[in-house]
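Engineer: Those letters in the sequence shown? Residues 221 to 400, per this note's numbering, in order.
In this text, a Cβ means the ideal position worked out from N, Cα and C, and glycines have one as well.
Provided herewith is a single structure, encoded as structure tokens, for subsequent inquiry.
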Amino acid sequence: MWSRPGPRFSSAFRTLASTSPGRARPRRELEAAIRRLGAEGRIRLHGHVAHDALMALYRDCDVVALPTLWSEPFGRVPLEAAAAGRPVVAYASGGLTETIVDGVTGRLVARGDRAAFVAALAGLAADGEARARMGAAGRERVVEAYAPARLAQTLATVWDEILNAGEPSAGLRRASAGGR
């Protein structure tokens, strides 16, 4: 994946990275890159993980790396990481741009810019205060924006608009803008 060694990460810095099940080639490339970086034991790759073990994995890392190039329609992984108080580094594409607020809840870099991805990880590796601040902001955002009562109200507003075939209400515009 990365052709030359990147920054050295401190032995205390732990990153969680996930790979798609059944995608052997990208996983082999990531494993080789981790070895070149000397980051074995600090960057862990996981394929599918059962949900009951997932939150423990999030809490056990410092940053969640999400190096997907696929334009995911909705970024659930960043929300799960945020619920655990962890920032996420990802490429800016698809729904990830809606679930990660760059510089606030994690870092978004240009799609496919591997150097920027590694630099974002290295920056968070070196800045525990930024990790803590982004993790706390992510958790606060998830609790506020995705609370069951908030989601129920948004859904009710959407259905009201559909059934009344009117222009979007101010309530719907506020709900879709995160309540602002």
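In this structure, does DSSP put P225 in helix, strand or coil?
Structural biologist: Low per-residue confidence applies at P225: pLDDT is 41, beneath 50, and the placement is therefore not dependable enough to give any value.
Engineer: Quick check: what's the CA-CA separation for V297 versus N384?
Structural biologist: 34 angstroms
Engineer: Quick one: using the 10 Å Cβ neighbour count with 16 as the cut-off for buried, is V338 buried or exposed?
Structural biologist: buried
Engineer: Please classify D322 as buried or exposed, where buried requires at least 16 neighbouring CB atoms within 10 angstroms.
Structural biologist: exposed
Engineer: Could you tell me which of A376, Y366, T317 and A304 sits nearest to Y278, measuring between CA atoms?
Structural biologist: A304
Engineer: Helix or strand or just coil, what does DSSP make of S385?
Structural biologist: Note that residue 385 is Ala in the sequence shown, not Ser. If DSSP states are grouped into helix, strand and coil, A385 belongs with coil.
Engineer: Short check: CB of E300 to CB of L328, under 8 angstroms?
Structural biologist: no
Engineer: Should G295 be labelled buried (16 or more other beta-carbon atoms within 10 Å of its own) or exposed?
Structural biologist: G295 is buried by the Cβ-count criterion.
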